[in-house]
Structure formats: structure tokens, C-alpha cells
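Participant:
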Amino acid sequence: KAGVTQTPRYLIKTRGQQVTLSCSPISGHRSVSWYQQTPGQGLQFLFEYFSETQRNKGNFPGRFSGRQFSNSRSEMNVSTLELGDSALYLCASSLNGGGNYGYTFGSGTRLTVV
Amino acid sequence: GDSVTQMEGPVTLSEEAFLTINCTYTATGYPSLFWYVQYPGEGLQLLLKATKADDKGSNKGFEATYRKETTSFHLEKGSVQVSDSAVYFCALSLLVTDSWGKLQFGAGTQVVVTP
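Chains as they are written, first to last, in the working numbering: chain E, 1 to 114; chain A, 1001 to 1115.
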């Protein structure tokens, strides 16, 4: 079956702009989580959506937001981009939170802010 | 708060050597534990997991045992190959009320296997 699909793979944006990243989970998976990966901070949790509702949220500023659609696809938006937002953004899907079965990750979107 | 500590890398090994990556955790409850692997330019792949104390996760020759008494989940492989060169992440997830919370990751350990 198809894995987790993230689009686009690479993105270059200018400071102050906004960006939207997309994630299509594995068919049947209702939970989608987003993580930011940087060399300095490692992997940090952004938020989790389950059945179109945000269920958990990490410690990121309000510039970072997300949503989930009825087909479980999710988008993440970052407004007023800063240089420090340059990172690999990873999406992970699971049936109902990954505690029992683990999460399946996509290949990520590499965002570069210039 | 909940946290995961894993040994720093890089760990450099010769092919067919024995690999151990130490991982210890701090958690307020009883977490599920995971090892993920990341190859260059790719996302994370689940390598193995354990959901309760004394469980042993295994996959592709890798093993890890959930040790509640030492709060550890060390990753081992008896004979590594060049293709095992990657970054390995230890992680935990806690059940919060009726849903699983976020994955809390360690800093990652880079493993380099030379021919």
C-alpha cells in the first residue's frame, strides 16, 4: 500500500513569506503528526491531528498551524517565515496515535528560508 | 518531563562488528519504546518497538529489550553491514488519557560502517 506522501520535497522561501506543506497519510490512518528536524534542536513535535481535530500540540509559536481534512490529509502552515524555520518537516501517520504500532513517516519537506 | 538520552556519535565500526547503541529514558508512566532509523536524505523508518516491560523488539538483525528496572532500551546488532550506516533514533510515546501522545526522540546516533 502507498506510504505517507509529503509535498513538496523541497521549498525555498524568503523571510516574511508564508508556506503550506501537505501530507497524505496511509489509507485508513486517522492520526497525522508533524515534526520539525534541525541539526541544533533535533526532532521536535509540532502537533497531532486526529479526525480533523488537533489532539496534541508542541511548544511552537502561533505562526505554526495545521489542519486536517475529512480524508485525513493534513496541511501545515508557517506564516511570517524566519531564517530559523529552515528545517526538514516530517509528517507521520498512524491508526490512532502510534503507541502500539508506531508511526509511519514520510520523506519530509526540506524548507529553506533565505 | 519525559526525555530520552542516547549515546553520542558518530560510532564508527568495521563491517561484521558488533553494534550497541545505548538508550535510557525518563517517563512519568509506562511508555512504548521505539527505534527509528534515518538514511541520508530520507524520513524516519520504524526499526523496532516494544510496548511493555521485558518485551524484545527485533527486525533485520537488530534487537532491543525494554528494561523497566534500568529504564533502558539499548539497540544491538551482532554483525553490521555497510548498508547499516545511518542515524538511529530512540523514542518513546506515552498513553495520555485515552490517546497516545507525541513521540519524544533522543538526539540520534550516527553509525558509520566501513568495509
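Using N, Cα and C, we set each Cβ at its ideal position, and we do this for glycine too.
Residues in the same chain with beta-carbon distance under 7 Å from Ala1053/A, minus the five sequence neighbours each way, listed in chain order, please.
Facilitator: Around Ala1053/A: Tyr1066 and Lys1068.
Participant: Mind listing the chain E neighbours of Gly1009/A? Cutoff is C-beta to C-beta under 8 Å, in chain order.
Facilitator: Simply none; closest approach about 13 Å.
Participant: Buried or exposed for Ala2/E, please, with buried defined as at least 16 other CB atoms from any protein chain shown within 10 angstroms of its CB.
Facilitator: By the neighbour-count rule (16 or more Cβ atoms within 10 Å), Ala2/E is not buried but exposed.
Participant: Which residues in the same chain as Tyr10/E place their Cβ atom closer than 7 Å to its Cβ, once the five residues preceding and following it in sequence are excluded?
Facilitator: Within the same chain, Tyr10/E has close Cβ partners Arg110.
Participant: Check the Cβ of Gly1061/A against every Cβ in chain E and list those closer than 8 Å, keeping chain order.
Facilitator: Ordered by position in chain E, no residue passes the 8 Å Cβ test against Gly1061/A, which lies about 18 Å from the chain.
Participant: Listed from N- to C-terminal order along the chain, which residues in the segment 92-106 of chain E have their beta-carbon within a distance smaller than 9 Å of any beta-carbon of chain A?
Facilitator: Taking 9 Å as the Cβ-Cβ cut-off against chain A, the residues of the segment 92-106 of chain E that qualify are Ala92, Ser94, Asn96, Gly97, Gly98, Gly99, Asn100, Tyr101, Gly102, Tyr103, Thr104, Phe105 and Gly106.
Participant: Rank Val1113/A, Ala1027/A and Glu1076/A by C-alpha distance to the C-alpha of Trp1035/A and give the top, closest one.
Facilitator: Residue Glu1076/A is the option with its Cα nearest to Trp1035/A.
Participant: Could I get the ranges of all uninterrupted beta strand (DSSP E) runs contained in the segment 11-46 of chain E, with 3 residues as the minimum, in chain order?
Facilitator: Taking only runs of at least 3 residues, the beta strand (DSSP E) segments lying wholly in the segment 11-46 of chain E are 19-24 and 31-38.
Participant: Assuming Arg55/E and Ser24/E make a contact with CB atoms under 8 Å, what is their CB distance in whole Å?
Facilitator: Their Cβ separation, rounded to whole angstroms, is 19 Å, which puts Arg55/E and Ser24/E out of contact at 8 Å.
Participant: Could you work out which residue in Tyr1030/A, Ala1017/A and Leu1048/A is closest to His1074/A when comparing CA atoms only?
Facilitator: With distances taken between Cα atoms, His1074/A lies closest to Leu1048/A.
Participant: From the beta carbon of Leu1019/A, is the nearest beta carbon of chain E less than 8 Å away?
Facilitator: Taking Cβ atoms only, chain E never reaches closer than 8 Å to Leu1019/A, which makes this a no.
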